[in-house]
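Note sheet for the following structure.
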Amino acid sequence: MSRSGLRSLRWAACAGAAVLVTGGLLAACGGSSGSSNSSGGNQNTGSSGRIVDTTPPAKGSLSSITWDLPSGEPTTLDYVKSADYSPDLMVSNMCDYLLRLTPSFGIQPGLATSYHYTNPTTLVFDIRKGVKFWDGHTLTATDVAYSMLRNMNPKDAPVNGAYYSLVKSITATGPYTVTVSFKSPDELFVKEMSTIAGAVAEKSYLEKKGSSFGTASGGVMCTGPYELKQWSPGNQIVLQANPNYWDPAYKPKIKTITVKFIVDASTLTSALLSGQIDGAYGVPSTSYSELKTASAGTLYFGPSLVITELAPTTTSGPIGNIKIREALSMALDRAAIVKVVYDGAATPNAALTPATAWDPAAKSVYEAAYAKLTSGKYNLAEAKKLVASVPNHSQPITLALLAGDQAELALATAVQQAASSIGLNIKLDEMQPLAFSNAFFVPSYRKGIDMLVDEGYLDVPDPLDYLGLWFPKGAIFDYTNYNNATVNTDLARAIGTYNPAQRASLITAAQAIYMNDYIVIPVVNPYEALFLNHSITGATASFAYIYEPSLAMLGSAK
Amino acid sequence: MTLGLVGNRLVSFAVTLFVASVVIYGALYLAPGDPATLLAGGHATPSVIASIARQEHLNQPFVVRYWDWLAGVLHGNLGESFLYKQPVASLIGGRVLNTVFLVVYASILIIVGGVALGLLAALRRRTGVVITVGTSIGLATPSFVAAIILITIFAVNLKWFPVFGAGTGFAGRLSHLTLPAIALALSWLAYTAQLTRAAVHEELGKEHVETAHSRGIKQRRVVSRHVVRNAMIPITTVSGLTVAGLIAGDVVVEQAFGINGLGSFLVQSALDKDFASVQAVALILVTAFVVINVIVDLWSLVLDPRLRARAA
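Protein chains in written order, with my numbering: chain A, 1226 to 1783; chain B, 1399 to 1710.
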């Protein structure tokens, strides 16, 4: 998935990314356990340098809080049409998924109590008994199968259908059993069931509402910890605690959450500072410096599956030449970019996928392969030599970015300076939001552009989640008709390989090739940013917040 | 005013609306960007985008789409937002009141405050200097700057007013919209004050005023009957136009204060190329603009007998 291609990007590309911690301290505002009890402004620095998965656990209940969605009002609350921060956060707190993504990116049972493969192409889910929809109806396998199949029905205009591309059929094979059969083995599918692609809604309600499901007037009907009480367009969404929620670990502690849609960075910052808004994920990076010293609350940073990269979009001109791409990558002092542009709240990245996406069961394989990559090495002298060997190197290279996005502009400017120091001539093209988002998906909008500032993210910790969008030739983000037979075969085999270590070998073998071809110029893996008022705590701080019912963890800090 | 004049007005109003709708629709049509990707989200494969464009009729030619829209409007149907899948009328309904409240509130501040300050500046020399300096600063302060200053002082630090939102009910709106109204009104208020001061100054030097003075008429009466009444003619015209201008300034202020009104909705809809929503809001704004101008004209007739004679 690409952040830059999304609606949210118009407001804050590095939402949850860049940090303005003065002096280059590593995330001086990251809070840690116990920090929220101290008063004044020093609790933030008291936990400096800490990146946390979750905020300190909630201590009690509250009647109401006000939340904000910095990416703006969702256009839909229908899970099959949601692929952006705002709708995903809302849906994840209202609708349960088959599996549950934890703050540390682990995967646990959700509406499915367990799953097993009867053979490599048949996956069986055992559906939890006794779960009720908000209207009191009991959840059955029929609801689950029906909800899943909507991801494959063009009539429902599904946006997450890519995860279902290898699915042959989905059937309720018993009152509490759902069987998925695949055209060929698919190791990724089951993981995606912990994301919005695994959401379950009530079949009868879906049938009754038709295309109005998920709109302000049609509403939703799910089993999740929060019920949709009201959606008044342009004004707010009101969530109300589901008193009969099945999972004690996520039983909501706050009765009513009013969700606002403030996107203006300075208005949101003022609202957070004054306590009128109690919390928000993805707070604008331009506000970090103010928020980290706020007496009203704490700014937390968490690990993320986000990557910031430069995506070449042409096969001609200087950037069409591998040597120039290699030189540009070599000219980037990523450690300095982390300090200056992200003020410490990011990790340098040398690959197409972030280290946070490595499968824990095969970490050593990924680590060893990553260490061998040359794409992250900083070497100005070598870069200059490479550039000089290419005759047309002084032709202008157009780098497109989102107009009005200060964080992206800072990064693009840093890249421009680095390029100029080795004899490359980068021109910045600040594009209007809609045209910029189109550039990621529609070839005609990439005319005249040589590279895009790209902020992508993975839904689950598995490199294939993102690689599937880049390979093989013709994939959504394959802008340069990249076609390497070994990469294609390795990745095609990887998706069918259930053994983590074997899969990691295949993925890293492909990685060595495509990174050597510099199909992308990786920059960093930025952190997620969450602000919470001192009165509340408990929410997930990591990027897993978009799929976990993260608001259900919130409660009073005292 | 004769019937002919009213008829003329109505015809020119209809023509204005039609031309505005064509121009706005056309501009939006030509603006870069394919809104189908907004619905397609992060996995916008060409086939997903194409199927969405087909479903939403986004790929039809300009004339067809415009005609569909116009036919709907003539039947009283403003259309549906392709993004929110809601009738535009319902999306606008909740927002109109916020914007009307804000614009009326700011207009009152401009007219009452501007005229009062201007009179004071013209009639009291010492206070006049202070007011002139103050209004010069006000005149040079863009509303988004005023918004940031007002929020920082009165909402974040003093906590007298809320930071954002429009509130509900009269009292709620009054407290929520006070800072936005001030931010919106500030430069226009300053302008009206300076204009009033100049107009009153001019009238004060005129023969009929001197004559009135020489006849021993009390200063208060001279000011109210002879000076202000005549000075009111340019003031009315200009303040009427400024109120119409508020409709444009409202867009900025609504964004800055996170107010759910027509202005912020217009900006968002234009960015998303949500045709039906943009058209509906734009037509409302054009209508408001025309209506305010008519009111200003009528009020001028009331104030100025010479215009009345000419109209007859």
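Glycine included, C-beta positions come from ideal geometry on N, C-alpha and C.
This structure is a prediction, so every number in the text was calculated from the model and none was measured.
CB of residue i within 7 angstroms of CB of residue j, strictly
i, j, result
"Ala1283 (chain A)", "Gly1648 (chain A)", "no"
"Leu1493 (chain A)", "Ile1482 (chain A)", "no"
"Val1607 (chain B)", "Val1636 (chain B)", "no"
"Phe1407 (chain A)", "Thr1346 (chain A)", "yes"
"Thr1300 (chain A)", "Phe1358 (chain A)", "no"
"Leu1677 (chain A)", "Thr1533 (chain A)", "no"
"Val1277 (chain A)", "Tyr1525 (chain A)", "yes"
"Val1563 (chain A)", "Trp1292 (chain A)", "no"
"Arg1595 (chain B)", "Ala1538 (chain B)", "no"
"Asp1503 (chain A)", "Asn1758 (chain A)", "yes"
Min CB distance residue i to chain A below 7 angstroms
i, result
"Asp1432 (chain B)", "yes"
"Ile1682 (chain B)", "no"
"Thr1525 (chain B)", "no"
"Val1494 (chain B)", "no"
"Tyr1482 (chain B)", "yes"
"Val1561 (chain B)", "yes"
"Ala1438 (chain B)", "yes"
"Ile1633 (chain B)", "no"
"Leu1489 (chain B)", "yes"
"Ala1569 (chain B)", "no"
"Ile1450 (chain B)", "yes"
"Ala1579 (chain B)", "no"
"Thr1435 (chain B)", "yes"
"Val1679 (chain B)", "no"
Residue-level contact to chain B via CB, residue i, 7 angstroms cutoff
i, result
"Val1667 (chain A)", "yes"
"Val1811 (chain A)", "Since the displayed chain A opens at 1226 and closes at 1783, residue 1811 (chain A) lies outside it and no answer follows."
"Ile1532 (chain A)", "no"
"Gln1501 (chain A)", "yes"
"Ala1224 (chain A)", "Residue 1224 (chain A) falls outside the range modelled here, since chain A spans only 1226 to 1783, and no answer is possible."
"Leu1391 (chain A)", "no"
"Ile1482 (chain A)", "no"
"Ser1264 (chain A)", "Residue placement at Ser1264 (chain A) cannot be trusted, given a pLDDT of 32 that sits under 50; what the coordinates show is reported in the next sentence. For Ser1264 (chain A), the answer is no, since every Cβ of chain B falls outside 7 angstroms of its Cβ."
"Pro1379 (chain A)", "yes"
"Ala1496 (chain A)", "yes"
"Arg1232 (chain A)", "Residue placement at Arg1232 (chain A) is poorly supported in this model, since its pLDDT is 35, which falls under 50; the coordinates still yield a value, given next. So, interface residue."
"Thr1300 (chain A)", "yes"
"Thr1347 (chain A)", "no"
"Ile1720 (chain A)", "no"
"Leu1250 (chain A)", "Because the pLDDT of Leu1250 (chain A) is 27, which lies under 50, any placement of that residue in the model is unreliable, and the question is left without a value."
"Ile1771 (chain A)", "no"
"Asp1351 (chain A)", "no"
"Ile1701 (chain A)", "yes"
Reference residue i, options the options, closest by Cα
i, options, result
"Leu1324 (chain A)", "A:Asn1318, A:Ile1332, A:Ser1317", "A:Ile1332"
"Tyr1567 (chain A)", "A:Thr1539, A:Ala1639, A:Ser1730, A:Lys1588", "A:Ala1639"
"Ala1514 (chain B)", "B:Thr1539, B:Ser1622, B:Tyr1423", "B:Ser1622"
"Thr1826 (chain A)", "A:Thr1581, A:Pro1528, A:Ala1490, A:Leu1524", "For chain A, the structure presents residues 1226 to 1783; residue 1826 (chain A) sits outside this window and is missing."
"Phe1460 (chain B)", "B:Gly1563, B:Phe1568, B:Ala1642, B:Tyr1423", "B:Tyr1423"
"Ala1366 (chain A)", "A:Thr1398, A:Gln1727, A:Ser1589", "A:Thr1398"
"Leu1575 (chain B)", "B:Val1543, B:Ala1674, B:Gly1643, B:Leu1495", "B:Leu1495"
"Asp1411 (chain A)", "A:Leu1689, A:Asp1703, A:Val1305", "A:Leu1689"
"Thr1578 (chain A)", "A:Pro1616, A:Gly1545, A:Ser1669, A:Asp1684", "A:Asp1684"
"Val1501 (chain B)", "B:Ile1615, B:Leu1587, B:Leu1696", "B:Leu1587"
"Leu1302 (chain A)", "A:Ala1387, A:Arg1353, A:Ala1426", "A:Ala1426"
- Return the residues of the stretch 1635-1669 of chain B that lie within a Cβ-Cβ distance of less than 9 angstroms from chain A, sorted by chain order. Gln1653, Ala1654, Phe1655, Gly1656, Asn1658, Gly1659, Ser1662, Phe1663, Gln1666, Leu1669
- Query: Going along the stretch 1453-1478 of chain B in order, which residues come within less than 7 angstroms of chain A, judged by CB to CB distance?
  - Reply: Gln1453
- Query: In the stretch 1456-1477 of chain A, which residues sit with their C-beta less than 9 angstroms from some C-beta in chain B, listed in chain order?
  - Reply: From the stretch 1456-1477 of chain A, only Ser1457, Pro1458, Gly1459, Asn1460, Gln1461 have a Cβ closer than 9 angstroms to chain B.
- Pick out the complete beta strand (DSSP E) segments inside the stretch 1587-1652 of chain A, 3 residues or longer, and give them in chain order. 1621-1627
- Anything in the stretch 1538-1562 of chain B with a Cβ closer than 8 angstroms to a Cβ of chain A? List those residues in chain order, please. Listed in chain order, the positions of the stretch 1538-1562 of chain B with a beta carbon within less than 8 angstroms of a beta carbon of chain A are Ile1546, Ile1549, Thr1550, Ala1553, Val1554, Lys1557, Pro1560, Val1561, Phe1562.
- Message: At 4 residues or longer, what runs of the alpha helix (DSSP H) sit wholly inside the stretch 1587-1641 of chain B?
- Response: 1605-1612
- Message: To be precise: take each residue of the stretch 1551-1569 of chain A, compare its Cβ to all Cβ atoms of chain B, and keep it if any distance is under 8 angstroms. Which residues remain?
- Response: none
- Task: Below 7 angstroms between beta carbons is the criterion; list the residues of the stretch 1663-1693 of chain A that meet it against any residue of chain B, in chain order.
- Result: Asn1663, Phe1666, Val1667
- Message: At a CB distance below 9 angstroms, what residues from the stretch 1429-1452 of chain A approach chain B? Give them in sequence order.
- Response: Ser1436, Ser1437, Gly1439, Thr1440, Ala1441, Ser1442, Gly1443
- Message: Taking beta-carbon pairs under 9 angstroms, can you tell me which members of the stretch 1391-1422 of chain A lie near chain B?
- Response: none
- Query: Name the residues in the stretch 1692-1708 of chain B whose C-beta lies less than 9 angstroms from a C-beta of chain A; which are they?
  - Reply: Residues of the stretch 1692-1708 of chain B with a Cβ closer than 9 angstroms to any Cβ of chain A: none.
- Query: Which runs of the alpha helix (DSSP H) fall wholly inside the stretch 1534-1569 of chain B and span at least 4 residues, in chain order?
  - Reply: 1541-1548
- Message: Suppose only complete runs of 4+ residues qualify. What are the alpha helix (DSSP H) ranges in the stretch 1488-1547 of chain A, listed by chain order?
- Response: 1490-1498, 1513-1517
- Between the stretch 1611-1635 of chain A and chain B, which residues of the former have a C-beta closer than 8 angstroms to a C-beta of the latter? none
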